[in-house]
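These notes concern the structure reproduced below.
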Amino acid sequence: MDEFLTFGRSIADPWRRVGCLAEPVLLVVEFCQIQGPRPLYWFPDDGTVPMHLLEEIAVWLMSSENVHANLCCMFNQQLAVHLLVQYSTMLDITARAFQRPFAIAFLMPSQPTAKNVEAFQQAAAEFLMPIIACNKRYVHSILRQAMLMLSERDQQNVQSYYSTSGNAQQIVIVSNKLKSVVQKTNAWFERVSDQLCESDGSADECFCECAGPEEFRRFVVLLAQKHSSCALLNLMELAPCKGVKLKHSIQEAYLRLTDTEVAKGLLFCGQTAVVRSTFGANSELPRHENEELNRTEEEYIPIVVARESTLKTLSYRLLRCVYPLLTGERIVILASKQRVSTGVDLLNKLNSMRICRRPESVKWNFDSDIDTEANAMSDNNTHCQLFGISCEANATLQWINGEKCEHCTVVDLGNQKMRAHEYSGRLLAQLHGKRNFPSDSAVAAFVVSVVTDLNQLLVLARYVTPEAVFKHLSLSISDQLILLNCLAEFNVTKYSQMNKKKFDRQKCIPYKKMKF
Numbered sequence: 000m001d002e003f004l005t006f007g008r009s010i011a012d013p014w015r016r017v018g019c020l021a022e023p024v025l026l027v028v029e030f031c032q033i034q035g036p037r038p039l040y041w042f043p044d045d046g047t048v049p050m051h052l053l054e055e056i057a058v059w060l061m062s063s064e065n066v067h068a069n070l071c072c073m074f075n076q077q078l079a080v081h082l083l084v085q086y087s088t089m090l091d092i093t094a095r096a097f098q099r100p101f102a103i104a105f106l107m108p109s110q111p112t113a114k115n116v117e118a119f120q121q122a123a124a125e126f127l128m129p130i131i132a133c134n135k136r137y138v139h140s141i142l143r144q145a146m147l148m149l150s151e152r153d154q155q156n157v158q159s160y161y162s163t164s165g166n167a168q169q170i171v172i173v174s175n176k177l178k179s180v181v182q183k184t185n186a187w188f189e190r191v192s193d194q195l196c197e198s199d200g201s202a203d204e205c206f207c208e209c210a211g212p213e214e215f216r217r218f219v220v221l222l223a224q225k226h227s228s229c230a231l232l233n234l235m236e237l238a239p240c241k242g243v244k245l246k247h248s249i250q251e252a253y254l255r256l257t258d259t260e261v262a263k264g265l266l267f268c269g270q271t272a273v274v275r276s277t278f279g280a281n282s283e284l285p286r287h288e289n290e291e292l293n294r295t296e297e298e299y300i301p302i303v304v305a306r307e308s309t310l311k312t313l314s315y316r317l318l319r320c321v322y323p324l325l326t327g328e329r330i331v332i333l334a335s336k337q338r339v340s341t342g343v344d345l346l347n348k349l350n351s352m353r354i355c356r357r358p359e360s361v362k363w364n365f366d367s368d369i370d371t372e373a374n375a376m377s378d379n380n381t382h383c384q385l386f387g388i389s390c391e392a393n394a395t396l397q398w399i400n401g402e403k404c405e406h407c408t409v410v411d412l413g414n415q416k417m418r419a420h421e422y423s424g425r426l427l428a429q430l431h432g433k434r435n436f437p438s439d440s441a442v443a444a445f446v447v448s449v450v451t452d453l454n455q456l457l458v459l460a461r462y463v464t465p466e467a468v469f470k471h472l473s474l475s476i477s478d479q480l481i482l483l484n485c486l487a488e489f490n491v492t493k494y495s496q497m498n499k500k501k502f503d504r505q506k507c508i509p510y511k512k513m514k515f
């Protein structure tokens, strides 16, 4: 689509121009003997790719002819998707033919280059070799325990152990199935034993003994089932030591394949480093982990929300939302219970545009009694800057008038009203007026570009004094509040005394009620 909008960049090809993917996707697919081909994991997992598309690709990949360890380059003409696929197989003594085929695929909207193929081949090898080695060692240990169980010296003890349940028929079923498994895998067992004794690189990466008696009992329960089409273990449970790291490995492989560098800096806005150090003191933006276990489940924000264009709706009043966000003022979003998904979507997107050194949690209150929440927001010591509250449209008047929370910005989604400070500075002048954006991501990128221009003033205020910068540049009170909040985010210990000055100056700016 970019080449349709930008003329002369390349030759137009209308038959392959519009596809189902806008960005590459890394996908892990399994051929399940019960459900058939299905997607296991994929990245990015933010909901940008429809689930039905991933399921269709999974069926298409696993229905074609494939061989273990085969690398293929494919093109799906119906979906206009290019794929780099690496097939592999996991061993499972409870599955048909003792095999669980799966594949890792890199979906691309454009044709892959030789560099992409080489990078994918290397990433797939680093991704699969530890998992396959762990799986071989794991299944080898399970078979070794099965042989010991069926040996003449241990068979009587095991049968007496299982006879305590009083189910003799189940013991016979398990014993017969174990005998069948051991007989069919006898030649394979010796071959794998020789491979594990060799000092190859794949085996050295997973020198573990992850199959104990408890793991063996899980297979005994599965073997006791009468039908072969019953539930199996999850695919990555067949490689316990390395399979647990699958999601993290997929994310690392995706960043390497797409040449995406993790942003490192001192302050971040929208996952972008807006302030960096020239002395190597940069760090990655850490992921937020909720440590408050005493919260109820209703207080947590759901991860998957409706992907709505909430920032585009506020484009005319975007400055009124960004300004309190940069000054550290509390923002309250009011929505009815029917529009909670819209409120949560706006809450998360505003939280991503905060200038911060580490992420901060957001909170949504689903209770009808909100007096306690209003008291918490009136307290300056509370750590959450962004709040969401479910209330009816007729109950928002007290918030808009400032009766519930005197010093906070209020966004009422039900009545499409807001109560915010007037901005009278120069630093955010580009956000004045009404602008048309194609998507919410474009709005966030535009805000980040405006915020990035503040880094020079922040560095100057660090090495001089904030008062000197205010005086020589004749900054308004609105711009002073932004700079003071950025300094406090950068170094809380050094600039924490300025919070009182910031609060006193913030009282001088009046609130205004308006529609959006």
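Residue numbers (numbering that gives the first Met the number 0): 0 to 515. Idealized CB from N, CA, C, for every residue including glycine.
Of the residues the options, which one's Cα is nearest the Cα of residue i?
i: S423; options: Q479, K241, A96; result: Q479
i: D452; options: C407, R275, A487; result: R275
i: L333; options: M61, T271, C407, I130; result: C407
i: N233; options: Q34, Y510, V447, F515; result: Q34
i: D45; options: W59, P36, P23; result: P23
i: A123; options: L265, D91, V84, I330; result: V84
i: R99; options: V28, L82, M128, R136; result: V28
i: F436; options: L317, L70, A132; result: L317
i: V243; options: C133, T47, L90, W59; result: C133
i: S314; options: L26, D91, F515, E307; result: F515
i: A428; options: L396, Q397, S475, A441; result: S475
i: F30; options: A102, V447, Y137; result: A102
i: L325; options: V447, L265, H471, M146; result: V447
i: C507; options: L486, E488, S477, Y494; result: S477
i: Q120; options: M352, N69, T395; result: N69
i: Q270; options: N350, H67, A487, H420; result: N350
i: K241; options: T312, L127, K311; result: L127
i: Q76; options: E488, Q110, H67; result: Q110
i: K362; options: R329, A394, H67; result: R329
i: H420; options: P323, R434, T395, H67; result: P323
i: L60; options: H471, L472, Y86, L147; result: Y86
i: N115; options: L25, R434, V468; result: L25
i: R434; options: K311, L486, E307, P43; result: K311
i: M89; options: P43, P129, T112; result: P129
Spatial neighbours of residue i within its chain, please: C-beta separation below 7 Å, excluding the five flanking residues on both sides.
i: K512; result: I399, K416, R418
i: L245; result: Y40, M235
i: A392; result: S335, G413, N414
i: L430; result: L317, L318, V321, V449
i: C71; result: V84
i: T257; result: P23
i: T395; result: L333, D411, G413, N414
i: E488; result: L266, I354, C355, R356
i: E307; result: T341, D344
Using a Cβ-Cβ cut-off of 8 Å (strictly less than) and excluding sequence neighbours within five positions of residue i, which residues of its own chain qualify?
i: T309; result: T341, D344, L345, K348, D439
i: V80; result: G18, C19, L20, I56, F74, L106, M107, P108
i: K336; result: F365, S389
i: V273; result: G264, L266, F267, I354, V447, V450, T451, L453, N454
i: S91; result: Inspection of the sequence shows that residue 91 is occupied by Asp rather than by Ser. Excluding positions up to five away in sequence, the list reads F97, Q98, R99, V138, L231, L232, L237.
i: R255; result: A118, A122
i: V58; result: G35, P36
i: F42; result: V24, L25, K246, I249, Q250, Y253
Report back the beta-carbon spacing between residue i and residue j to the nearest angstrom; my notes put them in contact at under 8 Å.
i: L320; j: V409; result: The question names Leu, yet the displayed sequence has Cys at residue 320. Not quite, the Cβ-Cβ distance comes to about 11 Å (not below 8 Å), so this is no contact.
i: V63; j: P36; result: The question names Val, but residue 63 in the sequence shown is Ser. Not quite, the Cβ-Cβ distance comes to about 10 Å (not below 8 Å), so this is no contact.
i: V331; j: F386; result: 5 Å
i: P509; j: L482; result: With a Cβ gap of about 21 Å, P509 and L482 do not count as contacting.
i: A104; j: L82; result: 5 Å
i: G327; j: N484; result: 4 Å
i: M523; j: A467; result: What is shown of the chain runs 0 to 515, which leaves residue 523 out entirely.
Can you name, in chain order, every residue of its own chain whose Cβ lies under 6 Å from the Cβ of residue i, other than the five neighbours on each side?
i: Q384; result: R329
i: E405; result: none
i: T47; result: none
So, does the stretch 138 to 149 touch the stretch 45 to 60, judging by three or more C-beta pairs under 8 Å? No, the stretch 138 to 149 does not touch the stretch 45 to 60.
At 4 residues or longer, what runs of the alpha helix (DSSP H) sit wholly inside the stretch 312 to 360? Within the stretch 312 to 360, the complete alpha helix (DSSP H) segments of 4 residues or longer fall at 317 to 326, 339 to 351, listed in chain order.
If we require 3 or more residues per run, which beta strand (DSSP E) segments fall completely within the stretch 107 to 156? Complete beta strand (DSSP E) runs here, min 3: none at all.
Count the CB pairs spanning the stretch 237 to 254 and the stretch 424 to 434 that are closer than 8 Å, and state whether there are at least three. The answer is no - the stretch 424 to 434 does not touch the stretch 237 to 254, with fewer than three Cβ pairs under 8 Å.
Does the count of Cβ pairs from the stretch 453 to 469 and the stretch 357 to 365 closer than 8 Å reach three? These segments do not touch.
Curious, which full-length alpha helix (DSSP H) runs of at least 4 residues does the stretch 465 to 496 contain? You should have 465 to 472, 476 to 489, 491 to 494.
Extract the residue ranges of the alpha helix (DSSP H) inside the stretch 376 to 433, only unbroken runs of 4 or more that lie entirely within it. Entirely contained in the stretch 376 to 433, the alpha helix (DSSP H) runs reaching 4 residues are, in chain order, 396 to 399.
Minimum length 4: unbroken alpha helix (DSSP H) runs contained in the stretch 49 to 105: The qualifying runs are 50 to 62.
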